[in-house]
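Participant:
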Amino acid sequence: MKKYLIALAVIIPAIEIAGFYFMVQWIGIWATVALMIATSLLGIVLARKEGLQAVRLMKMQARNGQPPTGSVVDGICIFLGALCLFLPGFFTDLIGILLFLPFSRAAVKALAVKWMYHLFQKGQVIVRTRR
Numbered sequence: 039m040k041k042y043l044i045a046l047a048v049i050i051p052a053i054e055i056a057g058f059y060f061m062v063q064w065i066g067i068w069a070t071v072a073l074m075i076a077t078s079l080l081g082i083v084l085a086r087k088e089g090l091q092a093v094r095l096m097k098m099q100a101r102n103g104q105p106p107t108g109s110v111v112d113g114i115c116i117f118l119g120a121l122c123l124f125l126p127g128f129f130t131d132l133i134g135i136l137l138f139l140p141f142s143r144a145a146v147k148a149l150a151v152k153w154m155y156h157l158f159q160k161g162q163v164i165v166r167t168r169r
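Residue numbers (our numbering): 39 to 169.
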């Protein structure tokens with residue numbers, strides 16, 4: 039797991055730098071900077087809108103006696119999407135937008151649940167409770 043995080047810490051900035059370079063060549067420096075600022079602002083607006091909707095859904099499910107598991111995963115996806123949109127770069131913006139869109143978020147949720155199930159099966163996740 040550690041080697042994957044180290045690889046991501048190297049690969050993602052390299053992709054972002056290359057993307058920034060190509061965007062500057064294509065549309066110019068000021069348009070690129072303006073686009074990056076616009077996507078950060080879009081991330082803030084979408085995080086507020088989608089985040090509040092996820093919180094409302096969690097509350098409604100809790101009131102009806104249902105476990106809010108799906109809406110919790112939605113909330114986590116929205117938070118990560120907002121974080122990706124807020125970070126400067128076009129690759130992270132693409133990831134952030136995919137985490138915000140409900141149809142692509144469903145695919146991400148399915149992969150996350152499958153991954154967590156796999157970790158639990160292998161015994162890599164330990165849950166401790168305190169009384």
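All residues carry an ideal CB built from backbone N, CA and C; glycine is no exception. The structure displayed is predicted, hence computed values, not measured ones.
Rounded to whole angstroms, how far is the Cβ of L137 from the Cβ of C122, which I believe are closer than 8 Å?
Facilitator: At roughly 7 Å, the Cβ-Cβ gap stays under 8 Å, so L137 and C122 are in contact.
Participant: Is G66 buried or exposed, if buried means 16 or more other CB atoms sit within 10 Å of its CB?
Facilitator: Classification for G66: exposed.
Participant: Would the stretch 40-57 count as touching the stretch 85-101 if we require 3 or more Cβ pairs under 8 Å?
Facilitator: The stretch 40-57, when compared against the stretch 85-101, does not touch it at the 8 Å Cβ threshold.
Participant: Please classify M96 as buried or exposed, where buried requires at least 16 other C-beta atoms within 10 Å of its C-beta.
Facilitator: It is buried - the Cβ of M96 has at least 16 other Cβ atoms within 10 Å.
Participant: Kindly indicate which residue of Q159, L157 and T130 has the alpha-carbon position closest to the one of L46.
Facilitator: The shortest Cα separation from L46 among Q159, L157 and T130 belongs to T130.
Participant: Going by CA-CA distance only, name the one from G127, V146 and R168 that's closest to A52.
Facilitator: Of the candidates G127, V146 and R168, the one whose C-alpha sits nearest the C-alpha of A52 is G127.
Participant: In the structure shown, what three-state DSSP assignment does L139 receive?
Facilitator: L139: coil per DSSP, three-state reduction.
Participant: For the ligand SAM, is there a heavy atom less than 7 Å away from the beta-carbon of A56?
Facilitator: Although the ligand SAM was asked about, the structure shown includes no ligands whatsoever.
Participant: Can you list, in chain order, the residues of its chain with a C-beta nearer than 6 Å to that of F124? Leave out the 5 residues immediately preceding and following it.
Facilitator: Closer than 6 Å at the Cβ level, and outside the excluded window around F124, lie S78 and G81.
Participant: I need the DSSP call for R94, collapsed to helix, strand or coil.
Facilitator: Note: R94 maps to helix in three-state DSSP.
Participant: Excluding the 5 residues preceding and the 5 following G113 in the sequence, name in chain order all residues of the same chain whose CB lies nearer than 8 Å to its CB.
Facilitator: The residues are G89, A92, V93 and M96.
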